[in-house]
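> Its first residue numbered 33, the sequence shown is counted upward by one per residue in our numbering.
Cβ atoms here follow ideal geometry from the backbone N, Cα and C, with glycine treated the same way.
Quick caveat, the model's predicted, so the values are computed rather than measured.
Have a look at this one.
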Amino acid sequence: MSRPISAALLAAGSGLWAATLQFAGALKSLPGLADLPADLTLLAGLGLFASLLLLLPLRRWQLAPGLALPLAGAGLLVLWLLLAGGWSLSRDVLAEKLVQIVLLGPPMLFAGMLVGAEPMALQRCCMATIGIGLLVAAATTWGVVTGTVVLGGEAGADPDRVRVQYQLVGLAIASAGGVAAVQAVAGPGWARAGWLLLVALLAAAVLIPGGRAALLALGLGVVLAPAQRLWLARRPLAALTWALGLAALAGLGLAALLALPQAELGLRTLERAFGDPANATSARSLLWGEAWRWAGQAAPFGLGTGGFTLAAGSGDRRALHPHNHALEALVEAGLPGLVCWLMAFGGGAVLAWRRASQVAPLRAARITALTLPLALTAMVSTDLGNRMVWFALGLLLSLGIAVRRGV
């Protein structure tokens with residue numbers, strides 16, 4: 033008679049699969065992984081949901097009442113975006129985005145809730161995130177040094193794919209840096225030096241791909257997530273010392289780099305963040321301006337899901353979306369869409385803020401480290417069809433779930 037798989041093993045596997053799925057786009061930049069006979073995202077998704085379905089009946093899941101508002105908001109947002117597709121002029125963007133929102137958004141949301149609530153799954157997800165961050169940082173650094181950056185298995189020159197690549201790599205590095213910093217203040221004294229060395233390596237690596245949001249996300253994660261852990265552990269002086277000391281150290285480090293002759297050469301993030309502003313016009317600012325203008329003209333119900341790029345004169349091209357979740361909800365789904373978005377994502381942030389002091393400090397800090405980079409990305413880069421953001425929302429909402437062993 034075969035022995036049943038233990039709940040602990042399923043939880044650990046769920047955490048590993050979750051990290052792999054969350055950063056599958058970055059992992060595809062590694063030589064060999066892009067050439068797998070099956071898509072890594074699909075493999076990780078199947079592994080994650082299979083393990084979660086087996087784990088679900090082996091635990092008692094207790095939901096806090098505060099989950100009702102953000103969950104209702106998420107459900108209504110998906111339904112309203114589906115309805116808003118009825119008056120959109122888009123065809124290509126609409127079809128692609130709706131499939132991701134309707135079919136991937138809710139499952140990723142609930143996967144994030146379960147992984148974040150189960151202690152073993154969250155712990156393994158965090159450790160896997162650190163490993164993935166180190167791997168893609170090393171691969172990207174080597175690719176830049178040798179001039180053979182691997183993009184989906186090939187050294188291509190497609191600027192859109194290159195841009196997405198450095199964003200995904202930057203997200204993985206920033207998330208890994210925040211989690212490693214939390215481990216530095218949570219682990220035993222003898223291990224802290226090793227964790228701090230990892231944080232320093234990841235901070236150096238994030239200067240290479242070119243993502244300014246990733247640089248800011250890593251800085252905020254490394255400063256705020258460990259400080260939150262110390263604060264919740266009733267060590268306010270240590271939290272303040274960590275935050276101020278690390279912020280000062282990071283500022284001095286950047287100032288020293290910028291003071292060196294030609295320091296920006298080879299460090300694309302510094303080139304993009306501190307280069308001559310007269311040499312480049314911010315496309316994001318132009319998109320935000322257009323989004324505000326069309327939000328007013330299309331009020332109160334918006335342009336329809338995926339309709340912004342056509343209205344703005346960019347064609348049926350998804351890459352030129354509003355680059356801000358709230359603006360996207362407003363311009364494409366109107367005032368009802370914005371209200372639903374605020375209920376879901378704003379309600380999730382409020383829930384996490386209120387519940388952080390009611391759970392283990394390490395758990396709250398780890399979820400902050402994992403979600404902060406995605407929260408920043410949602411407001412400056414990606415769109416509502418991005419599955420990573422829905423998983424991050426699920427992690428926030430997981431703070432409203434308590435897990436007990438047994439059935």
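Where valine 201 and glycine 47 are concerned, what is the direct C-alpha to C-alpha distance, given to the nearest angstrom?
Position 169 of the sequence shown holds residue 201. Position 15 of the sequence shown holds residue 47. Near 20 Å, if we compare the C-alpha coordinates of glycine 47 and valine 201.
> So, at 6 Å on beta carbons, what are the nonlocal neighbours of alanine 259 in its own chain, with the 5 sequence-adjacent residues on each side left out?
Along the sequence shown, one-based indexing puts residue 259 at 227. Hits under 6 Å: Ala271, Trp274 and Ala275.
> Looking only at its chain, what residues have a beta carbon closer than 8 Å to the beta carbon of isoleucine 205, apart from the 5 residues adjacent to it on each side?
Reading the sequence shown from its first residue, position 173 is the one you call residue 205. Same-chain partners within the cutoff: Gly165, Val168, Ala169, Leu234, Ala237, Val238, Pro241, Ala246 and Leu250.
> Would you decide whether glycine 345 is buried or exposed? Buried here means 16 or more other CB atoms lie within 10 Å of its CB.
Within the sequence shown, the letter at position 313 stands for residue 345. By the neighbour-count rule (16 or more Cβ atoms within 10 Å), glycine 345 is not buried but exposed.
> Return the chain-ordered ranges of every beta strand (DSSP E) run that is complete within the stretch 394 to 427 and spans a minimum of 3 residues.
None, since the stretch 394 to 427 contains no complete beta strand (DSSP E) of that length.
> Span of the alpha helix (DSSP H) holding valine 238?
The count along the sequence shown starts at 1 and reaches residue 238 at position 206. Per DSSP, valine 238 belongs to no alpha helix (DSSP H) and is neither H nor E.
> First and last residue of the beta strand (DSSP E) that includes valine 435?
Here residue 435 refers to the residue found at position 403 when the sequence shown is read from its first residue. Unbroken beta strand (DSSP E) run through valine 435: 433 to 437.
> Once the 5 residues before and after glycine 118 are set aside, which same chain residues still bring their CB inside 8 Å of it?
Position 86 of the sequence shown, counted from the first residue, corresponds to residue 118. Result list for glycine 118: Gly336, in chain order.
> Leaving out the 5 sequence neighbours to the left and right, which residues in its chain are closer than 6 Å to glutamate 150 when beta-carbon positions are compared?
The residue labelled residue 150 in the question sits at position 118 within the sequence shown. Contacts found: Ala43 and Val435.
> Report back the beta-carbon spacing between leucine 72 and leucine 80 to the nearest angstrom; my notes put them in contact at under 8 Å.
One-based indexing of the sequence shown puts residue 72 at position 40. One-based indexing of the sequence shown puts residue 80 at position 48. Their Cβ separation, rounded to whole angstroms, is 12 Å, which puts leucine 72 and leucine 80 out of contact at 8 Å.
> Just the Cα atoms here: how many angstroms apart are glutamate 128 and tryptophan 320?
Within the sequence shown, numbered from 1, the residue matching residue 128 stands at position 96. Within the sequence shown, numbered from 1, the residue matching residue 320 stands at position 288. Cα to Cα, glutamate 128 sits roughly 22 Å from tryptophan 320.
> For leucine 95, report the span of its beta strand (DSSP E) as first-last.
Taking the first residue of the sequence shown as position 1, residue 95 is located at position 63. Note, leucine 95: beta strand (DSSP E), 91 to 95.
> For glycine 253 versus alanine 401, is the C-beta spacing smaller than 8 Å?
By one-based count along the sequence shown, residue 253 stands at place 221. By one-based count along the sequence shown, residue 401 stands at place 369. Closer than 8 Å, so yes.
> Which term fits tryptophan 49, buried or exposed, when burial requires 16 or more other beta carbons within 10 angstroms of its beta carbon?
Here the question's residue 49 lines up with position 17 in the sequence shown. That one is buried.
> Once the 5 residues before and after valine 391 are set aside, which same chain residues still bring their CB inside 7 Å of it?
For the purposes of this step, residue 391 is identified with residue 359 of the sequence shown, where counting begins at 1. Result list for valine 391: Leu431, in chain order.
> How about alanine 331: is its Cβ closer than 7 Å to a heavy atom in the ligand GTP?
Ligands displayed in this structure: none; no statement on the ligand GTP is therefore possible.
> Mind listing, in chain order, the continuous beta strand (DSSP E) runs of no fewer than 3 residues lying wholly within the stretch 340 to 389?
Correct list: empty.
> Shortest alpha-carbon distance to alanine 208 belongs to which of Thr403, Ala361, Leu367 and Leu427?
If you number the sequence shown from 1, residue 208 lands on position 176. Per the Cα distances, Thr403.
> Using a Cβ-Cβ cutoff of less than 6 Å, which residues in the same chain neighbour arginine 91 once the five nearest sequence positions on both sides are dropped?
Stepping through the sequence shown from its first residue, residue 91 is reached at position 59. Val435, listed in sequence order.
> Just curious, the alpha helix (DSSP H) that alanine 44 is in, first and last residue?
Position 12 of the sequence shown holds residue 44. Segment 39 to 54, the alpha helix (DSSP H) holding alanine 44.
> Helix, strand or coil: which one does DSSP assign to proline 102?
Residue numbering aside, residue 102 sits at position 70 when the sequence shown is read from its first letter. Reduced to three states, the DSSP call for proline 102 is helix.
> Starting from leucine 136, trace the alpha helix (DSSP H) both ways and give me its first and last residue.
Residue 136 sits at position 104 when you count from the first residue of the sequence shown. Looking at the DSSP string, leucine 136 is not in any alpha helix (DSSP H), and its letter there is neither H nor E.
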